[in-house]
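For reference, the structure is listed below as structure tokens.
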Amino acid sequence: MKENIVKTKSFAFAVRVVKLYRFLCEEKKEFVLSKQLLRSGTSVGAMVRESEHAESKRDFVHKLAIAQKEINETVYWLELLNETNYLSEEQFSSINADAVELIKLVTSILRTTKNNC
1 MKENIVKTKS FAFAVRVVKL YRFLCEEKKE FVLSKQLLRS GTSVGAMVRE
51 SEHAESKRDF VHKLAIAQKE INETVYWLEL LNETNYLSEE QFSSINADAV
101 ELIKLVTSIL RTTKNNC
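According to UniProt numbering, the residues represented by the sequence shown are 1 to 117, in order.
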């Protein structure tokens, strides 16, 4: 069976977000922004998973559009954590690169699906 790259990458990203959340809480004693990051960063993979069992193409597009919004929100929280010095430039660059890759993947899938409707 063919590997679902967006599913694999969104799950791996969620794992990174959970680990970052733990780090921010335990090491940096930051609880508010990190909770927002946790919610949006793990929601991406959940929406990708939901899209696998969409009831229609329209439902599929809707679920992936929510995933796209969630990853975009996640980038916002990462940028804010970076600018307020909760993340080092190296930490930010690494996880932000994964987030941007996910945005590109989801956006590409959405465009292709919409064009084929």
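Cβ atoms here follow ideal geometry from the backbone N, Cα and C, with glycine treated the same way.
Here the structure is a predicted model, which is why all the values come from computation and not from measurement.
Cα-Cα separation, residue i to residue j
i, j, result
"Leu38", "Cys117", "34 Å"
"Leu110", "Asp98", "18 Å"
"Ile103", "Glu3", "19 Å"
"Leu81", "Met1", "39 Å"
Enclosing alpha helix (DSSP H) for residue i [first to last residue]
i, result
"Phe13", "5–26"
"Lys114", "89–115"
"Asn72", "57–83"
"Met47", "32–52"
Distance CB(residue i)-CB(residue j) smaller than 8 Å
i, j, result
"Ala67", "Val44", "yes"
"Ile95", "Arg22", "no"
"Tyr113", "Lys63", "One point to set straight first is that residue 113 is Thr, not Tyr, in the sequence displayed. Cβ atoms of Thr113 and Lys63: not closer than 8 Å."
Classification of residue i by the beta-carbon crowding that lies within 10 angstroms, buried from 16 upward
i, result
"Phe31", "exposed"
"Ser10", "buried"
"Glu70", "buried"
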